[in-house]
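Counting along the sequence shown from 1, when you hit position 234 you're at 234 in the UniProt record's numbering, and nothing is skipped either side.
Reading through the structure tokens given below for one structure.
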Amino acid sequence: MASATKESVLPAPARPAQAHRSLAGLDLLRFGAAGLVMLYHLACTAWLAPSSEAAVLVGQPIPFPALLPLSSQGWVGVEMFFVISGYVIAYSAARARPSDFLVNRVLRLMPGVWFCATVSFGLALIFFPDGLLVLAERYVRTLILFPAPRWIDGVYWTLGVEIAFYSLIYALLAMRRFDRLEPVILAIGLVSTLAWCLAAMPLWPDLGRIISTRGAKLLLLTHGCHFALGVLLWSGMQKGFTVRRWLGLALCLVGGLLQIRYDSSFVAAAFGLVRDDRMPLLLYGGFLILFGLSLRANAVLLDTYPGVTAASRKIGLATYPLYLLHTFIGALAMRFAAALGLPPAMILAGGFGAAIAAALLVSGWIEPPMRASLRRAIEAGTARLRNRGLLAAGRPLRSEP
1 MASATKESVL
11 PAPARPAQAH
21 RSLAGLDLLR
31 FGAAGLVMLY
41 HLACTAWLAP
51 SSEAAVLVGQ
61 PIPFPALLPL
71 SSQGWVGVEM
81 FFVISGYVIA
91 YSAARARPSD
101 FLVNRVLRLM
111 PGVWFCATVS
121 FGLALIFFPD
131 GLLVLAERYV
141 RTLILFPAPR
151 WIDGVYWTLG
161 VEIAFYSLIY
171 ALLAMRRFDR
181 LEPVILAIGL
191 VSTLAWCLAA
201 MPLWPDLGRI
211 ISTRGAKLLL
221 LTHGCHFALG
231 VLLWSGMQKG
241 FTVRRWLGLA
251 LCLVGGLLQI
261 RYDSSFVAAA
271 FGLVRDDRMP
281 LLLYGGFLIL
291 FGLSLRANAV
301 LLDTYPGVTA
311 ASRKIGLATY
321 PLYLLHTFIG
331 ALAMRFAAAL
341 GLPPAMILAG
351 GFGAAIAAAL
361 LVSGWIEPPM
371 RASLRRAIEA
381 GTARLRNRGL
391 LAAGRPLRSE
401 P
């Protein structure tokens, strides 16, 4: 990485004292991204994709044509997640030991997966036509976050991509080369961008499909440009926005927009809709603007409204179980609301409300004790390994700020 003295640098907005402050705006944006994905599944695929989990759970097509211009593009919330993840994971790993980072990622991911997948499995046994062995296999795949489908719910596909990114961060920490994160992720982002630029040309018509395969996703080829945007924004906030960083951001943004454009065409073809790339691109662009504004205003927001920290954190923590549960809980709530003869608007509102309530319950009352128990188990196992001389002595594990 070139030093700041060799590049023209714009003033950095972040102060060292703010390094571990809550990111209130990003918590809210993360929740909004989950809301878009929920809208996509409950108000689009539930009636346009008869074979989808949401459609099977709702039990009957409940059309929402007025929402279709927005709901059919709600999948773009996933790309928003990846940008946020790039920023937040770099932010949390910057001062972490490799062991702390690894354990904290396990503590963050696994309790939610184990509980939410178990709930989904139980409901699938009741409402899905598949046999016990088929569902049990999907359930086990989900519990261990097996990288290849199928899972008990299709939403789990993103966790493998996230873990691929976490693995990159962990490798850099383990090699004591976290200082190389920016050039490494920029290289990944630029390769991803180049692939999407080539896919947008007529020279290789099938390239978009190839770089959207599961293997390409796990190699960060598909979404590397989105993760790179998040990491570069973090680097800029910490060290200043150099000309090189602005150029990297611009190039990765091109890749991100082209990837979204490809997905937009794929979704339109799958659902028999008229292709219109404007909505997902506007949503993504608006998200990035709000992302930047939230980082700039974070300190002022927290200093002026101290209560925002706790509220936004609670909402942010609920995002993960909301993402994992919204298809099953939301769609089944819609099924029961439809059985009561409620109008479509109230049916959809009931699905949203039930999913959000379930997410708040899980994040507030179920995940914390599960996480504490898992932490104790990890610490006990680590202590036994140290006593047997199989693991070097170290400091106690530290939680993420």
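Glycine residues also receive a C-beta, built at the ideal position from the N, C-alpha and C atoms.
Small disclaimer: the values here were computed from a predicted structure and weren't measured.
Cβ-Cβ separation, residue j to residue i (assumed contact under 8 Å), whole Å
i      : j      : result
Leu181 : Ala90  : 6 Å
Gly86  : Gly230 : 2 Å
Tyr170 : Pro280 : About 32 Å separates the two Cβ atoms, so there is no contact after all.
Leu186 : Gly248 : 5 Å
Phe266 : Leu220 : Not confirmed; about 19 Å, so no contact.
Ala355 : Ile329 : 5 Å
Phe81  : Thr193 : With 8 Å as the limit, Phe81 and Thr193 do not qualify as a contact, their Cβ atoms being about 19 Å apart.
Glu379 : Gly112 : Not a contact, Cβ separation roughly 20 Å.
Ala331 : Leu57  : 4 Å
Met322 : Met110 : Met is not the amino acid found at residue 322; the sequence shown has Leu there. In fact, because the Cβ distance is near 17 Å, the residues do not count as touching under 8 Å.
Val119 : Leu325 : 7 Å
Leu232 : Arg245 : 6 Å
Ala46  : Ser52  : 7 Å
Ser22  : Leu302 : 6 Å
Helix, strand or coil at residue i [DSSP, three-state]
i      : result
Thr309 : helix
Thr242 : strand
Gly389 : coil
Trp365 : helix
Ile378 : helix
His41  : helix
Gln259 : helix
Thr222 : coil
Thr319 : helix
Thr213 : coil
Ser72  : coil
Leu65  : A quick correction: the sequence has Pro, not Leu, at residue 65. Reduced to three states, the DSSP call for Pro65 is helix.
Leu26  : helix
Arg384 : helix
Arg274 : It should be noted that the sequence gives Val, not Arg, for residue 274. In this structure, Val274 counts as coil in the three-state DSSP scheme.
Pro344 : helix
Ala333 : helix
Met175 : coil
Thr5   : Only weak support is given to the placement of Thr5: the predicted model assigns it a pLDDT of 33, under 50, and the value that follows is read from those uncertain coordinates. Three-state DSSP puts Thr5 in a helix.
Phe328 : helix
Phe146 : coil
Ala94  : coil
Ala49  : coil
Trp234 : helix
Ile152 : coil
Ala17  : No answer about Ala17 holds up, because its pLDDT of 37 lies below 50 and its placement is not dependable.
Leu10  : For Leu10, the pLDDT reaches just 35, beneath the cut-off of 50, and the residue's location in the model is therefore unreliable, although a value from the coordinates is still provided. If DSSP states are grouped into helix, strand and coil, Leu10 belongs with the strands.
Pro401 : At Pro401, the pLDDT of 47 sits below 50, so the modelled position is not reliable; the number obtained from the coordinates is stated separately. Three-state result, Pro401: coil.
Close beta carbons around residue i, own chain, < 6 Å, minus the five adjacent residues each side
i      : result
Gly189 : Gly224, Cys225, Ala228, Cys252
Ala200 : Leu258
Gly77  : Ala33, Leu36, Val37
His41  : Ala54, Thr327
Exposure label - residue i; buried when at least 16 CB within 10 Å
i      : result
Gly381 : exposed
Leu317 : buried
Thr142 : buried
Tyr305 : exposed
Gly350 : buried
Arg138 : buried
Asp206 : exposed
Met175 : exposed
Val83  : buried
Ala270 : exposed
Gly25  : buried
Gly236 : buried
Val103 : buried
Val155 : buried
Asp27  : buried
Limits of the alpha helix (DSSP H) - the one that residue i falls within
i           : result
Ile185      : 181-199
Arg105      : 98-127
Val58       : 53-58
Thr142      : 132-143
residue 402 : For the chain, the structure presents residues 1 to 401; residue 402 sits outside this window and is missing.
Trp204      : Taken as a continuous stretch (DSSP letters only), Trp204 belongs to no alpha helix (DSSP H), as it is neither H nor E.
8 Å Cβ shell around residue i - same chain, five flanking residues per side excluded
i      : result
Asp276 : Pro69, Ser264, Ala268
Ile347 : Ile62, Met334, Ala337, Ala338
Leu125 : Leu132, Leu135
Proximal residues to residue i (C-beta, below 7 Å), its chain only, five neighbours per side dropped
i      : result
Ala117 : Tyr139, Thr142, Leu143, Ile152
Leu48  : Phe271
Leu273 : Ser72
Arg371 : Leu107, Pro111
Pro344 : Ile62, Phe64
Met377 : Looking at the sequence itself, residue 377 is Ala, so the reference to Met does not match. So the list is empty, once near-sequence residues are dropped.
Contact test: residue i Cβ vs the ligand FMN heavy atom, cutoff 6 Å
i      : result
Ala164 : Among the components of this structure there are no ligands whatsoever, and the ligand FMN is therefore not found.
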